[in-house]
Amino acid sequence: MANIAAASGAARPMTGEEKKVIFASSLGTVFEWYDFYLYGSLAIYIGANFFSQYPETTRNIFALLAFAAGFLVRPFGALVFGRLGDIVGRKYTFLITILIMGVSTFLVGVLPGASQIGIAAPIILIILRMLQGLALGGEYGGAATYVAEHAPNGRRGYYTSWIQTTATLGLFLSLMVILGVQFALGKEAFAAWGWRIPFLVSVLLLGVSVWIRLKMNESPAFKKMKEEGKTSKAPLSEAFGQWKNAKIALLALVGAVIGQAVVWYTGQFYALFFLQSILKVDGQSANIMVAAALILGTGFFVLFGWLSDKIGRKPIIMAGLILAMLTYFPLFKALTWAGNPALAQAQSTVRATVTAAPGDCKFQFNPTGTAKFTTSCDIATSFLTRNSVPYDVVAGAAGEPASVKLGDATIASYDAIAAGADASAKDKAFQKQINIALHDSGYPLVRGAAQVPDAKLDAFIAANPELNLNADAVRATDKKMVATDKLVADKLLTPAETAGAAEMAVYTIAGGGAFTMVADPAAVNWIVIIAVLTVLVIYVTMVYGPIAALLVELFPTRIRYSGMSLPYHIGNGWFGGLLPATAFAMSAAKGDIYYGLWYPIVFAGITLVIGLLFLPETKDRDIHTME
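When we follow this note's numbering, the leftmost residue of the sequence shown carries the number 1, and every step to the right adds one.
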């Protein structure tokens, strides 16, 4: 291992120039995180525009996987730009990463959706996202290294903690821009096209970032090393091809970064997605709540960074992992009761029973949307998981179709293959019956209005006896005349049903449309939600605040950029970046909205054990004497 000298003496204060450099580095990094986090904050709109051909559950998973695509390539960016940073320097590596990041973000704002260019839309989207990931893979390690090499011994945790705030501040900035545009345009316009504006705004931030990076000075530690001719000619092979350094990178990954990553992404990203997509809290309200929690919690990054200079990096990180593991389940259950109490009450009192023939039920994990649920049990349980309905499966008679019992109602499912051409009609009937049963059982389902053309009115009334409609009374209400070619395009009529008419009356029937799960805005407890989210953010600050100083102090200067970047981006890019999509898919597969929390808990536990046993304390190391 590298030779290490302990820091001695009182820590000197930062000079004005050093403070300026660190401020500039942090501000530029905030802008890069802003660009990166737009995907997560706008996942629902991205899913609707670029993955509209898939069912809602699969669409949500795909949208989160698009978000995660950038994280998947971050380690490769760490290798490319880490090597470049250790050879040519920190400053100009920054410039390259910000240009790639800014341009790829801007292009998302002008990219046509799937309805315009088909499959090309999601493909290009994911490519742009991956370019962002490559850029960020080189950004963070360089920023942390750059700030650490300007910081005095004894205060490195405090000064690098400002870099640690940039991810949260970038998320906060993205939420503020999103909310501002939402308020200015209205929710409908924002959903239709306004969501693109935050991506377009990034070009302004790009200009500011480039100007900032051009004003920065090169790291004094790197300049000194270069002047002395001690730079590494092959930093990647030296960092990862020599066991004395490779084992440090492995320990950093398993004993610190993975746990930090899953706590970070659970507390900031999965919590937001949980509110919006699972609890159905209004997106604008959820963003405001998260923004409020970030305001309340961000200062703890600096607090724990400062504290890590006093008591050590390791105790604080490990304490954050323990607290998260012990409290995730009660905290997310508290979110449910505060965000959608009707759903929480229904889940606690209503449990479905699926009676199915042996072998009729399959595992409900479908992240790619390629699995086709055709058996009667698969169709039933897939519907229940999409609606967060807990269920038990009991054995039924062989050869009999599955059935779902909800309260006093029993709804027969169907086999899609056996149904043949009638499968679509049977599916509509099944979904309608089970939705009515769920609504009657207390689930917060609202039935929207239906647009019914005159040619189909009599059939609609016959198919919906629960509405107690009278055809003459409906026809006597207000109506609108709509061109039949538009009705055909909107799939409200078939060409044969137009009977050659140029236009047709269309009636709006309240409560006759599709069922949608909602969270009653009047029942949402803002104070409790913000309090819970703030606690989750504080956990993030505990594991993330000291991590930059820890990683920098593990590696010598000649391979520091490369050495710390790769484990950081493997942990955050793969284990953290995949968390929202994986956790949601786990919950959907199990039929339990909390089941996905086992993902961060298990990985935090692994990191806790390895970190406690093998991770060294680094707070007293002098990074300028490490060779």
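Even for Gly, the Cβ is constructed at its ideal location relative to N, Cα and C.
Whole beta strand (DSSP E) runs in the stretch 471 to 518 with 3 or more residues, listed along the chain?
-> Runs found: 480 to 483, 503 to 509 and 515 to 517.
Sequence-distant residues of the same chain with beta carbon closer than 6 Å to residue 449, five excluded per side = Result list for residue 449: 508, 510 and 513, in chain order.
Classify residue 83 as buried or exposed, calling it buried when 16 or more other Cβ atoms lie within 10 Å of its own Cβ.
-> buried
Measure the Cβ-Cβ separation of residue 38 and residue 105 and say whether it is below 9 Å.
-> yes
Can you check DSSP and say which residues form a bridge with residue 391?
-> 352
If you pair each beta-carbon of the stretch 330 to 349 with each one of the stretch 179 to 198, do three or more pairs fall below 8 Å?
-> no
With a 10 Å radius around its C-beta and 16 neighbouring C-beta atoms as the bar for buried, classify residue 614 as buried or exposed.
-> Exposed, by the Cβ-count rule.
Measure the Cβ-Cβ separation of residue 144 and residue 52 and say whether it is below 9 Å.
-> Judged by beta-carbon spacing, residue 52 lies beyond the 9 Å limit of residue 144, meaning their Cβ atoms are not closer than that value.
Return the Cβ separation of residue 391 and residue 601 in integer angstroms, given the expectation that the two are a contact with Cβ distance under 8 Å.
-> That pair is no contact at about 23 Å.
Just the Cα atoms here: how many angstroms apart are residue 343 and residue 586?
-> 19 Å
When you compare each of 146, 413 and 525 to residue 223 by their alpha carbons, which one comes out closest?
-> 146
Local Cβ density within 10 Å of residue 408, reported as buried at 16 or more and exposed below that | exposed
Quick one: using the 10 Å Cβ neighbour count with 16 as the cut-off for buried, is residue 330 buried or exposed?
-> Flag for residue 330 reads exposed.
Between the Cα of residue 485 and those of 494, 15 and 478, spot the shortest distance and give me the residue it belongs to.
-> 494
What residues in its chain sit with their C-beta under 7 Å from that of residue 609, if we drop five residues either side in the sequence?
-> Excluding positions up to five away in sequence, the list is empty.
Do you know whose CA, among 581, 599, 306 and 275, lies nearest residue 519's CA?
-> 275
Comparing alpha-carbon positions, which option in 25, 473, 158 and 92 lies nearest residue 310?
-> For the options 25, 473, 158 and 92, the alpha carbon positioned closest to that of residue 310 is the one of 158.
How many angstroms separate the CA atom of residue 324 from the CA atom of residue 545?
-> 15 Å
Secondary structure of residue 234, DSSP reduced to three states = coil
Please state whether DSSP places residue 46 in a helix, a strand or coil.
-> helix
How about residue 76 and residue 137: are their beta carbons less than 9 Å apart?
-> yes
Which residue's Cα is closest to the Cα of residue 581: 457, 319 and 266?
-> 266
Keeping to the same chain, check which residues put their C-beta closer than 7 Å to that of residue 526; ignore five residues upstream and five downstream.
-> 289
Cα-Cα separation between residue 341 and residue 277, rounded to whole angstroms | 15 Å
Count the other CB atoms, across all protein chains shown, that sit within 10 Å of the CB of residue 215; report buried if there are 16 or more and exposed otherwise.
-> With fewer than 16 Cβ atoms within 10 Å of its Cβ, residue 215 is classed as exposed.
In or out: residue 418 buried (at least 16 other Cβ within 10 Å) or exposed?
-> exposed
Just the C-alpha distance for residue 481 and residue 500, rounded to the nearest angstrom, thanks.
-> 15 Å
Length at least 4, wholly inside the stretch 70 to 116: the alpha helix (DSSP H) runs in chain order = With a minimum length of 4 residues, the continuous alpha helix (DSSP H) runs that stay inside the stretch 70 to 116 are 74 to 88 and 90 to 110.
Quick one: complete beta strand (DSSP E) runs, 3+ long, within the stretch 184 to 220?
-> none
If we count the other Cβ atoms within 10 Å of its Cβ and call it buried at 16 or more, is residue 565 buried or exposed?
-> buried
In or out: residue 603 buried (at least 16 other Cβ within 10 Å) or exposed?
-> buried
Identify whether residue 628 lies in helix, strand or coil by the three-state DSSP scheme.
-> Outside the shown range of the chain (1 to 627) lies residue 628, about which nothing can therefore be said.
Output the residue ranges of the beta strand (DSSP E) runs that lie fully inside the stretch 284 to 360 and measure 3 residues or longer, sorted by chain position.
-> Correct list: 352 to 356.
Taking three-plus beta-carbon pairs below 8 Å as touching, is the stretch 297 to 314 in contact with the stretch 538 to 556?
-> yes
Cβ-based neighbour list, residue 469, same chain, cut-off 6 Å, excluding 5 preceding and 5 following | For residue 469, where only same-chain residues beyond five positions count, the Cβ hits under 6 Å are 461.
Quick one: using the 10 Å Cβ neighbour count with 16 as the cut-off for buried, is residue 164 buried or exposed?
-> buried
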